[in-house]
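Numbering (UniProt numbering), first residue to last: 1 to 123.
Some notes on the structure that comes next.
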(Lines of atoms letter the chains of each structure in order from A and count residues from 1; the text may use other names and numbers.)
(Lines give C-alpha, C1' and ligand atoms only; values in the text may rest on other atoms or scores of the structure.)
Protein backbone atom coordinates (compact mmCIF):
# COMPACT_ATOMS: atom_id res chain seq x y z
CA UNK A 1 0.00 0.00 0.00
CA UNK A 2 2.78 2.44 0.93
CA UNK A 3 4.68 1.50 -2.21
CA UNK A 4 1.62 2.21 -4.36
CA UNK A 5 1.10 5.57 -2.68
CA UNK A 6 4.74 6.47 -3.16
CA UNK A 7 4.62 5.49 -6.83
CA UNK A 8 1.42 7.47 -7.33
CA UNK A 9 2.90 10.59 -5.73
CA UNK A 10 6.10 10.20 -7.75
CA UNK A 11 4.12 9.91 -10.97
CA UNK A 12 2.02 12.96 -10.10
CA UNK A 13 5.14 14.97 -9.28
CA UNK A 14 6.84 13.88 -12.50
CA UNK A 15 3.77 14.83 -14.52
CA UNK A 16 3.58 18.21 -12.81
CA UNK A 17 7.27 18.91 -13.44
CA UNK A 18 6.90 18.01 -17.13
CA UNK A 19 4.10 20.56 -17.43
CA UNK A 20 6.52 23.40 -16.75
CA UNK A 21 7.97 24.72 -19.96
CA UNK A 22 10.94 26.62 -18.55
CA UNK A 23 13.03 27.13 -15.45
CA UNK A 24 11.28 30.41 -14.57
CA UNK A 25 8.02 28.53 -14.11
CA UNK A 26 9.76 25.96 -11.91
CA UNK A 27 11.38 28.68 -9.81
CA UNK A 28 8.05 30.46 -9.40
CA UNK A 29 6.30 27.24 -8.43
CA UNK A 30 9.04 26.29 -5.95
CA UNK A 31 9.33 29.70 -4.28
CA UNK A 32 6.69 29.00 -1.57
CA UNK A 33 8.30 25.65 -0.81
CA UNK A 34 11.73 27.26 -0.54
CA UNK A 35 10.29 29.91 1.77
CA UNK A 36 8.75 27.21 3.91
CA UNK A 37 12.04 25.32 4.16
CA UNK A 38 13.88 28.53 5.13
CA UNK A 39 11.25 29.33 7.75
CA UNK A 40 11.42 25.85 9.25
CA UNK A 41 15.22 25.94 9.28
CA UNK A 42 15.22 29.30 11.05
CA UNK A 43 12.73 28.00 13.62
CA UNK A 44 14.70 24.85 14.33
CA UNK A 45 17.88 26.90 14.74
CA UNK A 46 16.13 29.21 17.22
CA UNK A 47 14.76 26.29 19.22
CA UNK A 48 18.14 24.53 19.29
CA UNK A 49 19.80 27.74 20.45
CA UNK A 50 17.25 28.21 23.22
CA UNK A 51 17.55 24.61 24.40
CA UNK A 52 21.35 24.77 24.33
CA UNK A 53 21.29 27.90 26.47
CA UNK A 54 18.83 26.28 28.88
CA UNK A 55 20.84 23.08 29.29
CA UNK A 56 24.10 25.02 29.71
CA UNK A 57 22.51 27.22 32.35
CA UNK A 58 21.03 24.22 34.19
CA UNK A 59 24.37 22.42 34.21
CA UNK A 60 26.20 25.51 35.47
CA UNK A 61 23.58 26.16 38.15
CA UNK A 62 23.63 22.50 39.19
CA UNK A 63 27.40 22.54 39.56
CA UNK A 64 27.22 25.71 41.65
CA UNK A 65 24.42 24.23 43.79
CA UNK A 66 26.39 21.04 44.36
CA UNK A 67 29.40 23.07 45.43
CA UNK A 68 27.27 25.18 47.76
CA UNK A 69 25.60 22.12 49.30
CA UNK A 70 28.91 20.39 49.86
CA UNK A 71 30.03 23.22 52.10
CA UNK A 72 26.75 23.39 54.07
CA UNK A 73 26.94 22.23 57.68
CA UNK A 74 23.40 23.10 58.69
CA UNK A 75 20.77 20.62 57.45
CA UNK A 76 17.93 23.16 57.51
CA UNK A 77 19.97 25.67 55.52
CA UNK A 78 20.85 22.96 53.01
CA UNK A 79 17.17 22.04 52.57
CA UNK A 80 16.22 25.70 52.11
CA UNK A 81 19.04 26.15 49.63
CA UNK A 82 17.87 23.13 47.65
CA UNK A 83 14.27 24.37 47.76
CA UNK A 84 15.32 27.75 46.37
CA UNK A 85 17.39 26.05 43.70
CA UNK A 86 14.45 23.85 42.66
CA UNK A 87 12.09 26.85 42.47
CA UNK A 88 14.58 28.79 40.33
CA UNK A 89 15.08 25.75 38.12
CA UNK A 90 11.33 25.31 37.69
CA UNK A 91 10.94 28.99 36.74
CA UNK A 92 13.80 28.73 34.26
CA UNK A 93 12.34 25.64 32.57
CA UNK A 94 8.88 27.21 32.51
CA UNK A 95 10.22 30.39 30.94
CA UNK A 96 12.10 28.37 28.35
CA UNK A 97 8.93 26.46 27.46
CA UNK A 98 7.05 29.74 27.03
CA UNK A 99 9.80 31.09 24.77
CA UNK A 100 9.72 27.92 22.67
CA UNK A 101 5.93 28.14 22.43
CA UNK A 102 6.23 31.76 21.27
CA UNK A 103 8.70 30.77 18.55
CA UNK A 104 6.48 27.93 17.35
CA UNK A 105 3.36 30.13 17.44
CA UNK A 106 5.09 32.85 15.41
CA UNK A 107 6.26 30.25 12.90
CA UNK A 108 2.76 28.84 12.66
CA UNK A 109 1.39 32.29 11.86
CA UNK A 110 4.08 32.83 9.23
CA UNK A 111 3.34 29.44 7.64
CA UNK A 112 -0.37 30.23 7.57
CA UNK A 113 0.35 33.54 5.89
CA UNK A 114 2.70 31.88 3.40
CA UNK A 115 0.10 29.28 2.49
CA UNK A 116 -2.64 31.89 2.10
CA UNK A 117 -0.40 34.00 -0.15
CA UNK A 118 0.70 30.99 -2.20
CA UNK A 119 -2.66 29.33 -2.77
CA UNK A 120 -5.01 31.21 -4.99
CA UNK A 121 -8.49 29.98 -5.69
CA UNK A 122 -10.32 30.78 -8.88
CA UNK A 123 -13.80 32.09 -8.28
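From the three backbone atoms N, C-alpha and C, an ideal C-beta is built for every residue, glycine too.
Residue i, enclosing alpha helix (DSSP H) - first and last residue
| i | result |
| --- | --- |
| residue 82 | 75 to 118 |
8 Å Cβ shell around residue i - same chain, five flanking residues per side excluded
| i | result |
| --- | --- |
| residue 103 | 43, 46, 47 and 50 |
| residue 111 | 36 and 39 |
| residue 54 | 92, 93 and 96 |
Distance CB(residue i)-CB(residue j) smaller than 8 Å
| i | j | result |
| --- | --- | --- |
| residue 69 | residue 90 | no |
| residue 85 | residue 65 | yes |
Distance between residue j and residue i (C-alpha atoms, nearest Å)
| i | j | result |
| --- | --- | --- |
| residue 7 | residue 52 | 40 Å |
| residue 182 | residue 16 | Residue 182 is absent from the model: the chain starts at 1 and stops at 123. |
| residue 118 | residue 32 | 6 Å |
| residue 106 | residue 88 | 27 Å |
| residue 114 | residue 63 | 45 Å |
| residue 57 | residue 93 | 10 Å |
| residue 80 | residue 34 | 53 Å |
| residue 98 | residue 109 | 16 Å |
| residue 61 | residue 101 | 24 Å |
| residue 3 | residue 11 | 12 Å |
| residue 124 | residue 59 | With the chain represented from 1 up to 123, any question about residue 124 goes unanswered, as that position is not in the structure. |
| residue 14 | residue 28 | 17 Å |
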